[in-house]
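Asker: With numbering that gives the first Met the number 0 as the guide, the letters of the sequence shown map in order to residues 0 to 240. Beta carbons: idealized from backbone N, C-alpha and C, even for Gly. All values reported here derive from a predicted model rather than from experimental measurement. Here it is, the structure, as structure tokens.
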Amino acid sequence: MDIIVIGGSGLYDMEELMEKQEITVENEYGTVHVVIGKIDNKEVGFIARHGKKHSVPPSMVNYRANIKAVEGLGARYVIATSAVGSLNEKMKPGDFVLLDQFIDFTKNRIYTFFEDEVRHTDVTEPYCPKLRATILKAGENLNLKIHPEGTYVCTEGPRYETPAEIRAFKMLGADVVGMTQVPEVVLANEIGLCYASIAIITNYAAGISKEKLTHEEVMDVMNRRLPELKKLIIETIRVLD
Numbered sequence: 000m001d002i003i004v005i006g007g008s009g010l011y012d013m014e015e016l017m018e019k020q021e022i023t024v025e026n027e028y029g030t031v032h033v034v035i036g037k038i039d040n041k042e043v044g045f046i047a048r049h050g051k052k053h054s055v056p057p058s059m060v061n062y063r064a065n066i067k068a069v070e071g072l073g074a075r076y077v078i079a080t081s082a083v084g085s086l087n088e089k090m091k092p093g094d095f096v097l098l099d100q101f102i103d104f105t106k107n108r109i110y111t112f113f114e115d116e117v118r119h120t121d122v123t124e125p126y127c128p129k130l131r132a133t134i135l136k137a138g139e140n141l142n143l144k145i146h147p148e149g150t151y152v153c154t155e156g157p158r159y160e161t162p163a164e165i166r167a168f169k170m171l172g173a174d175v176v177g178m179t180q181v182p183e184v185v186l187a188n189e190i191g192l193c194y195a196s197i198a199i200i201t202n203y204a205a206g207i208s209k210e211k212l213t214h215e216e217v218m219d220v221m222n223r224r225l226p227e228l229k230k231l232i233i234e235t236i237r238v239l240d
């Protein structure tokens, strides 16, 4: 297996995979359903982070099982997607943002594989520079505008954030907000995966937008941008060395 795609909200399948089949990967953390196939003769796997029908909320995702499944399949590269709200007026709904940093405000999640030993993982560059550069190159090939960097603040959910929280996060330097990057990116770093995440801005965050936030709004924007997102993922896979 060469590459795993972890699909966030709105991305529940990769119909573009050739010779597609579904397998089950079991490990000490749980059972993971993976769709495997090929793109340009590269073996690609797909995991729907929230399940096929978006039945698993962010705080209940079995992140350790998912990332351990990636390792078990022998994949080195992970392309993840995340639907996010924007705290940065220059980053508008519908835009793609290539994450380069995160801030963690989750509370009740299991963050590590190393519960029985002392291990301190460096996350100076939590998102893999090589894969990020490849995604940017793929975007250029497709004439897609991508914000080349962005800081993601991860909240516990499942509720949306308050305007006061958003003001605080903005002061800390966050550009976008979501509920799924932590601990996923941390776990990927712990086992040495080359992990990158494409964030899709679906709305302005609370207080920046004058409207109340709804999941329907998130899915509407995601569905409109889904064809371009899939093209970007496929082109990234094609040009990745």
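In chain order, what residues of the same chain lie with their CB nearer than 7 angstroms to the CB of G9, ignoring the 5 residues before and after it?
Answerer: Here the set comprises A82, M218, M221, N222, L225.
Asker: Span of the beta strand (DSSP E) holding M17?
Answerer: Where M17 is concerned, the enclosing beta strand (DSSP E) stretches over 17 to 26.
Asker: Closest to Y28 by CA distance: which of A74, R63, T120, K230 is it?
Answerer: Ranking A74, R63, T120, K230 by Cα distance to Y28 puts R63 first.
Asker: Return yes when the Cβ of K129 is within less than 9 angstroms of the Cβ of G138, no when it is not.
Answerer: For G138 and K129, no; Cβs fall outside 9 angstroms.
Asker: Can you give the Cα-Cα distance for K51 and H32, rounded to whole angstroms?
Answerer: If I take the Cα positions, the gap works out to 10 angstroms.
Asker: Taking a contact to mean a Cβ-Cβ separation below 9 angstroms, would you say T150 touches V175 in this structure?
Answerer: Yes, these two residues count as a Cβ contact at 9 angstroms.
Asker: Quick one: any contact between the region 12 to 31 and the region 114 to 127, if contact means 3 or more CB pairs under 8 angstroms?
Answerer: No, the region 12 to 31 does not touch the region 114 to 127.
Asker: Evaluate contact between the region 75 to 89 and the region 196 to 205, counting only Cβ atoms and requiring at least three cross-stretch pairs below 8 angstroms.
Answerer: Output reads yes: the region 196 to 205 touches the region 75 to 89.
Asker: Could you tell me which whole beta strand (DSSP E) segments of length 3 or greater appear in the region 57 to 94?
Answerer: Listed in chain order, the complete beta strand (DSSP E) runs (minimum 3 residues) inside the region 57 to 94 are 76 to 85.
Asker: R75: which of G44, D1, I134, E148 sits nearest, CA to CA?
Answerer: For the residues G44, D1, I134, E148, the minimum Cα distance to R75 belongs to D1.
Asker: Suppose the cutoff is 8 angstroms on Cβ atoms and the five residues either side in sequence are ignored; what does the same chain contact list for I38 look like?
Answerer: E15, L16, M17, I233, I236, R237.
Asker: Given this structure, state the Cα-to-Cα distance separating T179 from I35, to the nearest angstrom.
Answerer: Rounded to whole angstroms, T179 to I35 spans 23 angstroms at the Cα level.
Asker: Report the CB separation of R48 from L97 in whole angstroms; it is logged as a contact under 8 angstroms.
Answerer: Between L97 and R48 the Cβ distance is about 18 angstroms, and since that is not below 8 angstroms, they are no contact.
Asker: Between I3 and V77, which are expected to be in contact by the criterion C-beta below 8 angstroms, what is the C-beta distance as a whole number of angstroms?
Answerer: Contact flag correct, Cβ pair sits at about 5 angstroms.
Asker: Using the three-state DSSP reduction, which class does F113 fall into: helix, strand or coil?
Answerer: In this structure, F113 counts as coil in the three-state DSSP scheme.
Asker: What are the start and end residues of the alpha helix (DSSP H) that includes H214?
Answerer: Element bounds for H214: 214 to 238.
Asker: Report yes if the C-beta distance between G6 and I102 is below 9 angstroms; otherwise report no.
Answerer: Contact: no.
Asker: As an exercise, report each continuous alpha helix (DSSP H) stretch of at least 4 residues that is fully enclosed by the region 134 to 173, in chain order.
Answerer: Correct list: 162 to 170.
Asker: Mind checking P162: buried by the 16 CB within 10 Å criterion, or exposed?
Answerer: The residue in question, P162, is exposed, as its Cβ has fewer than 16 Cβ neighbours within 10 Å.
Asker: Can you tell me whether E14 is helix, strand or coil according to DSSP?
Answerer: The answer is coil: DSSP assigns E14 none of H, G, I, E or B.
Asker: Bridge partners for S196 per DSSP, in chain order?
Answerer: Looking at the DSSP assignment, S196 forms a beta bridge with A79.
Asker: DSSP beta-bridge partners for L97?
Answerer: Beta-bridge pairing links L97 to I197.
Asker: At the level of alpha carbons, what is the spacing between I46 and Y11?
Answerer: I46 and Y11: Cα-Cα distance of roughly 8 angstroms.
Asker: Go ahead and label I197 buried or exposed: buried means 16 or more other beta carbons lie within 10 angstroms of its beta carbon, across all protein chains shown.
Answerer: So I197 ends up on the buried side.
Asker: Output the boundary residues of the alpha helix (DSSP H) element that contains E241.
Answerer: Shown here, the chain extends from 0 to 240; a query on residue 241 therefore has no answer.
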